[in-house]
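Engineer:
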Amino acid sequence: MEMDSTLLDIILYLGYFLVIFALAAAVILPLIKSLDNPKGLLKVAAGIVLLLVIFGIAYALSSGDMAARYPDLTENGSKMIGAAIVTMYILIITAVLSIAVTEVSKFFR
């Protein structure tokens with residue numbers, strides 16, 4: 025039984041390492057590539073700022089009232105979860121509207 029537990033721990037730690045390595049590569053490598061084109065960094069920064077603004081609006085709109093139902097959940101945690109869900113809704117609606125506008129504009133060309 026101990027052997028299975030030890031092997032499971034090793035595999036989990038290896039999985040954690042691979043996820044962290046992939047995240048670091050996903051962040052660092054595009055930054056290195058974009059040093060050739062500084063205007064590309066400006067577009068990336070604008071996108072990140074826009075996402076933060078959308079999340080800020082979603083955080084302001086969400087309420088922390090679910091914390092009363094779940095004793096382990098804090099009010100701030102409830103607001104963060106609500107903000108993440110509202111942000112996802114906003115981004116999905118924006119994507120669907122963008123697709124619809126693109127297809128309609130292609131139809132009339």
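Quick note, my numbering runs 24 ahead of the 1-based positions in the sequence shown.
Quick reminder that beta carbons are idealized off the backbone N, C-alpha and C, glycines included.
Within its chain, find whatever has a CB closer than 7 Å to the CB of Ala107; leave out the 5 residues flanking it on each side and keep chain order.
Structural biologist: Your numbering for residue 107 matches position 83 in the sequence shown. Excluding residues within five positions, the ones whose Cβ falls inside 7 Å are Phe79, Ala82, Tyr83, Ser86.
Engineer: Where Ala91 and Ile105 are concerned, what is the direct C-alpha to C-alpha distance, given to the nearest angstrom?
Structural biologist: Sequence index remark: in the sequence shown, residue 91 carries index 67 (1-based). Sequence index remark: in the sequence shown, residue 105 carries index 81 (1-based). Cα to Cα, the separation comes out at about 11 Å.
Engineer: Report buried or exposed for Ser122, applying the criterion of at least 16 other Cβ atoms within 10 angstroms of its Cβ.
Structural biologist: Walking along the sequence shown from the start, residue 122 turns up at place 98. Exposed, because fewer than 16 other Cβ atoms sit within 10 Å of the Cβ of Ser122.
Engineer: Please classify Ser102 as buried or exposed, where buried requires at least 16 other C-beta atoms within 10 Å of its C-beta.
Structural biologist: Looking up residue 102 in the sequence shown gives position 78. Under this definition Ser102 is a buried residue.
Engineer: For a quick check, are the C-beta atoms of Leu75 and Thr98 less than 9 Å apart?
Structural biologist: On the sequence shown, residue 75 is found 51 positions in, with the first residue counted as 1. On the sequence shown, residue 98 is found 74 positions in, with the first residue counted as 1. No, Cβ-Cβ distance for Leu75 and Thr98 is not below 9 Å.
Engineer: Name the two residues that bound the continuous alpha helix (DSSP H) containing Ala91.
Structural biologist: Here residue 91 corresponds to residue number 67 of the sequence shown, with the count starting at 1. Neither: Ala91 is in no alpha helix (DSSP H) and is coded neither H nor E.
Engineer: Assuming Asn61 is part of the alpha helix (DSSP H), what are its boundary residues?
Structural biologist: In the sequence shown, the residue the question calls residue 61 occupies position 37. Here Asn61 belongs to no alpha helix (DSSP H), and DSSP marks it neither H nor E.
Engineer: How is the alpha helix (DSSP H) around Thr111 delimited, first residue to last?
Structural biologist: Mapped onto the sequence shown, residue 111 falls at position 87. That run of the alpha helix (DSSP H) goes 99 to 131.
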